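Read the structure below first, then the notes.
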Amino acid sequence: MYWSSGQTLLKGAAFVERHSQLFGCYVTNFSCGPYSFLVGYFSRIMGRKPFLILELDSHVADAGLETRIEAFMDIVRNYRELSRREGKTVRSHRREAKAAYFDHAAQQVIDSRGRAHPLTHPRVHVVFPSMGHFLLREAAALFRSLGIRATALPPAGEEVLKLGRGNTSGKECLPLLLTTGALLKYLKEREDPEELLVYFMPTTSGPCRLGQYSPFIHQLITDSGIENVAPLSLNAENGYRGAFDMRFILRIWICMMIADAMQSIYPILLVNAVEPEAALDIYEREKERILATIERAPRFADLQKTLALAARNLEAIPQRRTLADTPTVLLTGEIFVRHDDLSRQFLVEKLAEHDVATKVAGIGEWVYYTDWCFQNCMTSRIPTLGQELSLRFRLAWMRHYERMIKGTLSRSGLMQPVMEDVGHLIRMARPLINPRLTGEAILTVGAAIAEVPEPYCGAIAIGPFGCMPNRISEALLTREMSRGWRAHSGKKGEDIEDIEELPFLAIESDGNPFPQIITAKIEVFLMQALRLHERRMKHRT
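Now the structure itself:
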């Protein structure tokens, strides 16, 4: 628990649970992100001891609250009477499994009986949850190239979402529901129940709830009595390096840059290919070729040859128009939701039906941002001189490989070799958000301000329902994109001279199909974006 208020609340809950004369009343408010986890932890601490949760919003009636409080008092009286008759406080008895865990220092998995296994042990199986991104399939291939049994789970469907909802309160953010549901579905259907499962789950701190996913899943596994399942958690505060060596981190970074580049190509094929189905077949074939190379050949030179071949084959696909003539909007926001098909409700494909391509903000942007935070002393740890020098060296080769990979795949004519520039995004958003408020909000705001109306003709910020960083972004961008946007964008030109409002849309997703009001807003957004694109094209000619 890294929220200071959460630490205080849970300490208080533990004290109340131990005291025979105290009973807890937890007052929360509707759609509070941190409370969606804290209430569950509070409930677990209380066990069978009665407690009351009051969730307040602007529609709560006094009569309803009074009824619940009176009912709670009756339950407390009955509980105390039962405790007196039994002569002791009634306590819960949970069936708990001894937790397996990953030892980062030794790079070994410790099973539920305390036995250590290296990652290369035949019994160990590393599983990556799906978020609809090519990167996790690449990561699994990379692990297999090192002799580690690894699998990337298929994209989440309705069954996964139902499993996730059934094993959570349903108020946690959508990515937790999907990653939890994916794990439980795999455990239910796996062929080898004796395997030692390592479930990949990155973590972080700060205002985001991502850092609670791994503890939540760990507790769920323990409470359910499931043995030999260990979360593998890498932390954003050290750039997700963990105990892995720099050579391995380099290879992961290369995979990340390839995945971001291939993701940029996909929407262009959807809207520009003369024969989209045939084009997507070629695209999928090239992805499989890249995966095979990652698993088979550890040398970057071999991978570069595969990428060059992919660029040539993709370039040969007949196109209806050039990349510069294609109306393209930016999809930014929460990193999981913007990449996962179910979470974003196939938004990329829906926009393509209206002849609009989508540029999904890459995962590399977040990694650069975590390094920026570490370098600028905005994490819980201050970098030493040695760490500072190491980080500078690492950033240099990260930029080098990003430039090489994007340069190679841009020969396809289906993407621009634009380098990530997190510093620029932060500078653009700084007048609106203090950089010390770390998280995705500043990147979302900075990207929309910096990249609309040029090179993109609109921006969509999407996140899970109740996501605080996404709501901060929505509040700021709804205002800034509609009035006075020239003051912070610094962009001028006849094509945008009389534009009063830039196309912007904020969407919250809970995994269900978008309601009619969101569908209508998407249609209005598309009309505005296409109008802006046509205006730019007219002045360009």
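The working numbering numbers the first residue of the sequence shown as -3 and each following residue consecutively.
Every residue, glycine too, gets a C-beta built ideally from N, C-alpha and C.
Here the structure is a predicted model, which means the values were calculated and not measured.
Item to complete: Give a yes or no on whether the C-beta atoms belonging to I261 and Y279 are separated by under 8 Å.
Response: Residue 261 sits at position 265 when you count from the first residue of the sequence shown. Residue 279 sits at position 283 when you count from the first residue of the sequence shown. A contact, by the Cβ cut-off of 8 Å.
Discussion item. Less than 7 Å between C-beta atoms, sequence neighbours within five positions excluded: which residues of the same chain meet that for H350?
Written reply: Along the sequence shown, one-based indexing puts residue 350 at 354. Same-chain partners within the cutoff: L522.
Discussion item. Between the alpha carbons of W368 and G419, how many angstroms are there, rounded?
Written reply: Reading the sequence shown from its first residue, position 372 is the one you call residue 368. Reading the sequence shown from its first residue, position 423 is the one you call residue 419. Distance between the alpha carbons of W368 and G419 is about 8 Å.
Worksheet entry | Nonlocal neighbours in the same chain, by C-beta distance under 6 Å from V363, ignoring five residues either side | Within the sequence shown, the letter at position 367 stands for residue 363. No residues qualify anywhere along the chain.
Worksheet item: For A96 versus N224, is the C-beta spacing smaller than 8 Å?
Response: Residue 96 sits at position 100 when you count from the first residue of the sequence shown. Residue 224 sits at position 228 when you count from the first residue of the sequence shown. Against a cut-off of 8 Å, the Cβ pair of N224 and A96 comes out as a contact.
Fill in: Anticipated Cβ contact below 8 Å, L528 with P449, distance rounded
Within the sequence shown, the letter at position 532 stands for residue 528. Within the sequence shown, the letter at position 453 stands for residue 449. Sure, about 6 Å apart at Cβ, within 8 Å.
Discussion item. Could you tell me the alpha carbon to alpha carbon distance between A502 and D107, rounded to whole angstroms?
Written reply: On the sequence shown, residue 502 is found 506 positions in, with the first residue counted as 1. On the sequence shown, residue 107 is found 111 positions in, with the first residue counted as 1. One C-alpha to the other measures close to 44 Å.
Item to complete: Examine the Cβ distances between the region 445 to 464 and the region 499 to 519 and report whether three or more of them are shorter than 8 Å.
Response: yes
Practice prompt. Could you name the residues of the same chain whose beta carbon sits closer than 7 Å to that of A257, not counting the 5 residues immediately before and after it, in chain order?
Written response: Mapped onto the sequence shown, residue 257 falls at position 261. Taken in chain order, the residues that qualify are I401, K402, L405 and M411.
Fill in: Residue ranges of each beta strand (DSSP E) within the region 379 to 464, 3 or longer
455 to 460
Practice prompt. In the DSSP assignment, find the unbroken beta strand (DSSP E) run with K355 in it and report its ends.
Written response: Here the question's residue 355 lines up with position 359 in the sequence shown. First-last of the beta strand (DSSP E) with K355: A353 to V356.
Practice prompt. Report the residue from I331, P413 and T289 whose alpha carbon sits nearest the alpha carbon of E361.
Written response: Against the sequence shown, residue 361 aligns to sequence position 365. With distances taken between Cα atoms, E361 lies closest to I331.
Fill in: Segment contact, 8 Å Cβ cut-off, at least three pairs: the region 111 to 124 with the region 138 to 148
yes
Worksheet item: Would you call the CB atoms of T175 and P125 closer than 8 Å?
Response: Locating residue 175 in the sequence shown gives position 179, counting from the first residue. Locating residue 125 in the sequence shown gives position 129, counting from the first residue. In contact: T175 and P125 (Cβ atoms closer than 8 Å).
Worksheet entry | Where the beta strand (DSSP E) through S505 begins and ends | Here residue 505 is taken as the residue at index 509 of the sequence shown, counted from 1. Element bounds for S505: F500 to S505.
Worksheet entry | Among Q300, G110, N508 and V441, nearest to E398 - alpha-carbon criterion | Along the sequence shown, one-based indexing puts residue 398 at 402. E398 has its Cα closest to that of Q300, out of Q300, G110, N508 and V441.
Discussion item. Buried or exposed, going by whether 16 or more other CB atoms sit within 10 Å of the CB of N466?
Written reply: Along the sequence shown, read from residue 1 onward, the residue named residue 466 stands at position 470. Classification of N466: buried, given that the 10 Å Cβ count is 16 or more.
Discussion item. In the DSSP assignment, the beta strand (DSSP E) including V23 goes from what residue to what residue?
Written reply: The residue labelled residue 23 in the question sits at position 27 within the sequence shown. Note, V23: beta strand (DSSP E), G20 to N25.
Discussion item. Going by the DSSP bridge assignment, what does H121 pair with across the sheet?
Written reply: Counting from one through the sequence shown, the residue named residue 121 turns up at place 125. DSSP, once it has assigned bridges, lists L193 as partnering H121.
Worksheet item: Quick one: what's got a C-beta closer than 7 Å to V156's C-beta in the same chain, skipping five residues either side?
Response: For the purposes of this step, residue 156 is taken as residue 160 along the sequence shown, with counting starting at 1. Cβ neighbours of V156 beyond the five flanking positions: L174, G177, A178 and K181.
Practice prompt. With DSSP collapsed to three states, give me the class of Y(-2).
Written response: Stepping through the sequence shown from its first residue, residue -2 is reached at position 2. Coil.
Worksheet item: How many Å lie between M464 and G29 at the Cα?
Response: Residue mapping note: residue 464 aligns to position 468 of the sequence shown, counting from 1. Residue mapping note: residue 29 aligns to position 33 of the sequence shown, counting from 1. If I take the Cα positions, the gap works out to 7 Å.
Discussion item. Given this structure, state the Cα-to-Cα distance separating P511 from C204, to the nearest angstrom.
Written reply: The residue you call residue 511 lines up with position 515 of the sequence shown. The residue you call residue 204 lines up with position 208 of the sequence shown. Their backbone Cα atoms lie some 26 Å apart in a straight line.
Discussion item. Per the DSSP calculation, Q315 is bridged to which residue(s)?
Written reply: Indexing the sequence shown from 1 puts residue 315 at position 319. Q315 is bridged to A269.
Worksheet item: If you draw a straight line from the alpha carbon of Y195 to that of R317, how long is it in whole angstroms?
Response: Walking along the sequence shown from the start, residue 195 turns up at place 199. Walking along the sequence shown from the start, residue 317 turns up at place 321. When rounded, the distance between both Cα atoms is 43 Å.
Worksheet item: Are the region 373 to 386 and the region 206 to 223 touching by the rule of at least three beta carbon pairs closer than 8 Å?
Response: no
Item to complete: For Y31, collect the residues of the same chain with a Cβ closer than 6 Å to its Cβ; drop the 5 residues on either side in sequence, then sort them by chain order.
Response: The count along the sequence shown starts at 1 and reaches residue 31 at position 35. Excluding residues within five positions, the ones whose Cβ falls inside 6 Å are T24.
Worksheet entry | Local Cβ density within 10 Å of S505, reported as buried at 16 or more and exposed below that | Taking the sequence shown and counting its residues from 1, one reaches residue 505 at position 509. With 16 or more Cβ atoms within 10 Å of its Cβ, S505 is classed as buried.
Discussion item. Could you compute how far the alpha carbon of A293 sits from the alpha carbon of R247?
Written reply: In the sequence shown, the residue the question calls residue 293 occupies position 297. In the sequence shown, the residue the question calls residue 247 occupies position 251. Cα to Cα, A293 sits roughly 12 Å from R247.
Worksheet item: Are A446 and L473 close, meaning C-beta to C-beta below 8 Å?
Response: Within the sequence shown, residue 446 is the residue found at index 450, counting from 1. Within the sequence shown, residue 473 is the residue found at index 477, counting from 1. No, these two residues do not count as a Cβ contact at 8 Å.
Practice prompt. Could you say if the region 379 to 395 and the region 424 to 443 meet the contact criterion of at least three C-beta pairs nearer than 8 Å?
Written response: no
Practice prompt. Kindly indicate the opening and closing residues of the alpha helix (DSSP H) around D58.
Written response: Within the sequence shown, residue 58 is the residue found at index 62, counting from 1. That run of the alpha helix (DSSP H) goes D58 to E82.
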